[in-house]
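Those sequence lines, one after another, are chains X and S. Mapping of the first sequence onto my numbering: position 66 corresponds to residue 71, and the numbering continues sequentially without gaps. Mapping of the second sequence onto my numbering: position 66 corresponds to residue 71, and the numbering continues sequentially without gaps. Even glycine gets a Cβ: it sits at the ideal position worked out from N, Cα and C.
2 protein chains.
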Amino acid sequence: MTRRPRIRDVAELAGVAPSTVSVVLNDTAGARVAGSTRDRVRAAAAELGYVPNSFARGLRTQRSGTLAFIGDVIATTPYAGDLIQGAQEAAWEAGYLLILVNTGGDPELEERAVQALRRQQVEGALYATMYHRAVTLPEVLDGLPTVLLDARPVSGPATFVVPDEQTGAEDAVEELAGQGHRRIAFVRDLNDGPAVDRRQRGYEARLAAHGLELDERLVVRERSDSAGGERAAAVLLDAPDPPTAVFAFNDQMAIGVYRAAAARGVRIPQDLSVIGFDDLYVVSSELTPGLTTMALPHREMGRLAARALIAELDGGEPAGEHLVPCPVVRRGSVAPPRP
Amino acid sequence: MTRRPRIRDVAELAGVAPSTVSVVLNDTAGARVAGSTRDRVRAAAAELGYVPNSFARGLRTQRSGTLAFIGDVIATTPYAGDLIQGAQEAAWEAGYLLILVNTGGDPELEERAVQALRRQQVEGALYATMYHRAVTLPEVLDGLPTVLLDARPVSGPATFVVPDEQTGAEDAVEELAGQGHRRIAFVRDLNDGPAVDRRQRGYEARLAAHGLELDERLVVRERSDSAGGERAAAVLLDAPDPPTAVFAFNDQMAIGVYRAAAARGVRIPQDLSVIGFDDLYVVSSELTPGLTTMALPHREMGRLAARALIAELDGGEPAGEHLVPCPVVRRGSVAPPRP
DNA sequence: CTGAAAGCGCTTACAG
DNA sequence: CTGAAAGCGCTTACAG
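Quick look at the structure:
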C-alpha cells in the first residue's frame, strides 16, 4: 500500500503551486486560472488518484461534511432500516456522510457517544426514536443543530419530523365509513402516547364528520400486540351489537382481530372489515386476506429530517413540526357492510 | 454558541504547555508528569468542557477512528438493522465510529461513496449485502482493509463473515429426524446460491446420517416467497406418498406451506411438521402454531465482522472465513409423526 | 518533570 | 493569472 498522494504531489506533477491545485479542484469561486492550467491540474490529480484529505480540509474550513444519526434502538424494529436509509440518502445527496450511533436508550452511553461525535466534528445531528414518542433532548446536544426524527419534544421548541397520525387515522376511518360502515370500533393501546392519542383524535373527528355518534363501548384498550388485539376483538365480537368494522391501532393488533374473527367464523371482509396502521409489510401482506392499512412513511421521514437539518446548517430558520402523510395501502380487508 | 475550547485554552487555564495537556489527556505511555499537574489539567479540561478535535489529531496521527459500513440495500430487508447494530456496537466498544453508506447496489454510486469515505480517512470497511451471496469487491476498495459481511468473495482470498448455512440446515433436519420423521421434504428456491446450496447440502448430509435415502421427489424448487412455498407444498401434499415433515428454505416459503396445509385440512404439527429458516420474527411468531425455525444471527455477524476488521487494523492476520452458527428457535410447528 | 518547535495536509487571504 | 505564507488544532520527538 503506497502512500496516498498529497496536494503537493499533484502540484509538482502539474508544475503549479499547491494553492492552485486547491483552487482548481474546489472550483473556488472568483479564482482566475487559465483553462490549460486547469486541465493540467485535473489530469495530474486523476493520474495520481488524488483524494483530498478531509481532516486537513476540515481543520482549515471548520466543516466536516458529516452528520450524526443517533438512534435509541436500531435493531428491534423492522422500520429502523428505512429511517436510516432515508436519512442517509438525503445526506448523501447534499454531500454529507452519516455517522451512525446506537445508544440503546442508555443516557450514559448517549453522552459519550455525543462527545465522540463532537470530536468528529459532526455539523449536526438527527435524534431518532424507533417509534413516535415524546423525548427530552440530552443536554450534551446543546449547541449542536439537531432535528428530532419520529419523536417530538416533551417541551420547548425544536425541529421534528413525525407521521401525521391524526390525518392517517381520519383517512383510515374514511376507508370504512366511506363504504357505509356505521359501527366502527377502535382497538387501541392501553397507554396514552403521541401516536395513539392522535389516532384516536382522528378516529373521533372522522366519525363526527360522518354524523356518527361516539360509542364508548366500541373503543377497547388492550396491549398493542396480537394477543391484545385478539382479546379486544373478542370483547367486541361477543357483544350484543358488534361492530361491522374495526380500526386497529397497529397491524399487530389487527392480526389479533383476524384471529378472533376466525375463531368465531366471522369472515373478513364479508362479515367484518378491518383496517390497520403501520404497514408492517411482512405481516400485512401475508395475512389472508391481505390487510388494508396506513403506511408509516419511515423512509420519507428520514429524508425529510436530514433535509431539514441541512437547511438549518445552511442558515435556514428552524422549521418546527413536520408532519408526514401516512398513505393508505389497500389490500383486501375492507368491504361494504352486509345489508 | 461560543467557540469550542482548544487545547491551548486548557493549557492556559492549567498553567502548562499544550503538549503537557495532550500528554495528560491521552495518558501517553512513558510520559512523566507530576500527579498534581495531571489533576490541574484534567480539572481545567472538565471546566471548559474540552473535547479534542479529531481532525487535528487525525491529521497528526494518521488515524481517524472511523470505520465504513457499505451496504447494498439497507431498507428492503428487516434484517439490515441487526447487521448494522451489531457492527456499530462492536466498533463502538473498540473506540471506533461507524460511517454508513447505502449504495443501492449502484456501482457508480458505490465508487463515489468509497471515495468520500477515503476522504474521511476511514481506516477500514465492512462491505455488507443484505442476504448471503457471492460478490466481487469493487476496485476502489483496493488498499483499504475490508471485511465482507453476509457475503462471500466470488474468488480470491478475503475475510468474510457468513451464516453457517450447512450446519443450520443439518440441525433443522435433525429437529425433524430426531422426532422420528423419515419422509422429510425440502422446499427450496428455484435458483442456486450460497445459502440454498449449503442448506441443501446440510439437508442431504443429515438425511444420510440417519440412514435415510434421498428421494428426489421430496425436493421441490419454487420461488422463495409464500406463494412459491404454497405451490411446492401443494405438490408434496397431493402426492401419493406425502412427506410427514417439511424443511422450508426460508420462513416465507414456510408460510406457504402452512397455507397449503390449511387448505387441505392437514394440521400442523399433528399431521405435518414444518421447520423454516431465517426467523423472520414478525412472521414466525405470529403464525399459528408458531413456526419453529433456524435463526439467522445478523447481529452476531455484524459484531464479528467489525471485530475481525479491527483485529486486522491492529496488525492481525486476515482470518478468511468466519461461519456463524444459526440456532434453532423452537415454537410449535414440529411434533413426532403420527404412528 | 515540562516546554518550544515542527509538522500533519489542506485553504485562503494576500502579494506580485 | 499564479505562488508564498500563514494557520486550522493537535501530537511527538527533542531539548532542557
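Helix, strand or coil at residue i [DSSP, three-state]
i                : result
Leu223 (chain X) : helix
Asp155 (chain X) : strand
Ile280 (chain X) : strand
Asp194 (chain S) : strand
Ile273 (chain X) : coil
Thr82 (chain X)  : coil
Leu328 (chain S) : strand
Leu72 (chain X)  : strand
Val288 (chain X) : helix
Val26 (chain X)  : helix
Ala39 (chain X)  : coil
Val240 (chain X) : helix
Asp333 (chain X) : Residue 333 (chain X) is actually Val in this sequence, not Asp. It is a strand residue.
Val251 (chain X) : strand
Ala300 (chain X) : strand
Within-7 angstroms CB hit, residue i to chain X
i                : result
Gly321 (chain S) : no
Asn255 (chain S) : no
Leu103 (chain S) : yes
Val288 (chain S) : yes
Gly161 (chain S) : no
Asn31 (chain S)  : no
Ser59 (chain S)  : yes
Val2 (chain S)   : With chain S represented from 6 up to 344, any question about residue 2 (chain S) goes unanswered, as that position is not in the structure.
Glu291 (chain S) : yes
Ala311 (chain S) : no
Gly86 (chain S)  : yes
Gln205 (chain S) : no
Val192 (chain S) : no
Arg124 (chain S) : yes
Ile260 (chain S) : yes
Pro332 (chain S) : no
Pro83 (chain S)  : yes
Ala121 (chain S) : yes
Val279 (chain S) : no
Gln93 (chain S)  : yes
Where residue i falls, given that 16 or more other Cβ within 10 Å makes a residue buried
i                : result
Gly183 (chain X) : exposed
Gln67 (chain X)  : exposed
Thr164 (chain X) : buried
Gly70 (chain X)  : buried
Gly270 (chain S) : exposed
Asn58 (chain X)  : buried
Val159 (chain X) : exposed
Ser41 (chain S)  : exposed
Gly320 (chain X) : exposed
Ala50 (chain X)  : buried
8 angstroms CB neighbourhood of residue i in its chain, flanking five on each side removed
i                : result
Pro302 (chain X) : Pro168, Val329, Pro330, Cys331 and Pro332
Glu305 (chain X) : Gly91 and Val329
Arg226 (chain X) : Arg193, Asp194, Leu195 and Ala237
Ala340 (chain S) : Gln184, Pro274, Gln275 and Ser278
Met299 (chain X) : Gly173, Ala174, Asp176, Ala177, Ile280, Gly281, Phe282, Asp283, Asp284, Cys331, Pro332, Val333 and Val334
Met135 (chain X) : Gly76, Asp77, Val78, Ile79, Thr81, Thr82, Tyr84, Ala85, Leu88 and Asp155
Interface flag, residue i vs chain S, CB-CB below 7 angstroms
i                : result
Leu64 (chain X)  : yes
Pro5 (chain X)   : Nothing can be reported for residue 5 (chain X), as the shown portion of chain X is limited to 6 through 344.
Ser231 (chain X) : yes
Pro302 (chain X) : no
Asn196 (chain X) : no
Leu67 (chain X)  : Looking at the sequence itself, residue 67 (chain X) is Gln, so the reference to Leu does not match. It does not: the Cβ of Gln67 (chain X) has no partner Cβ on chain S nearer than 7 angstroms.
Val28 (chain X)  : no
Val15 (chain X)  : no
Close Cβ partners of residue i (< 6 angstroms) along its chain, the five nearest in sequence each way excluded
i                : result
Ala190 (chain S) : Leu223, Leu241, Pro248 and Val251
Ala95 (chain X)  : Arg308, Ala311 and Arg312
Leu149 (chain X) : Ala130
Thr295 (chain X) : The residue asked about is misnamed: residue 295 (chain X) is Gly in this sequence, not Thr. Closer than 6 angstroms at Cβ, skipping near neighbours: Arg336 and Gly337.
7 angstroms Cβ shell around residue i - same chain, five flanking residues per side excluded
i                : result
Asn255 (chain X) : Ser229, Gly281, Phe282 and Asp283
Leu219 (chain X) : Glu209 and Leu212
Glu116 (chain S) : Pro143 and Val145
Ala36 (chain X)  : Val28
Gly100 (chain X) : Gly70
Ala265 (chain X) : Glu235, Ala238, Ala239 and Leu242
Leu314 (chain S) : Leu72, Gly129, Leu131, Pro150 and Val152
What alpha helix (DSSP H) runs, 4 residues minimum, are completely inside the segment 95 to 168 of chain X? 112 to 124
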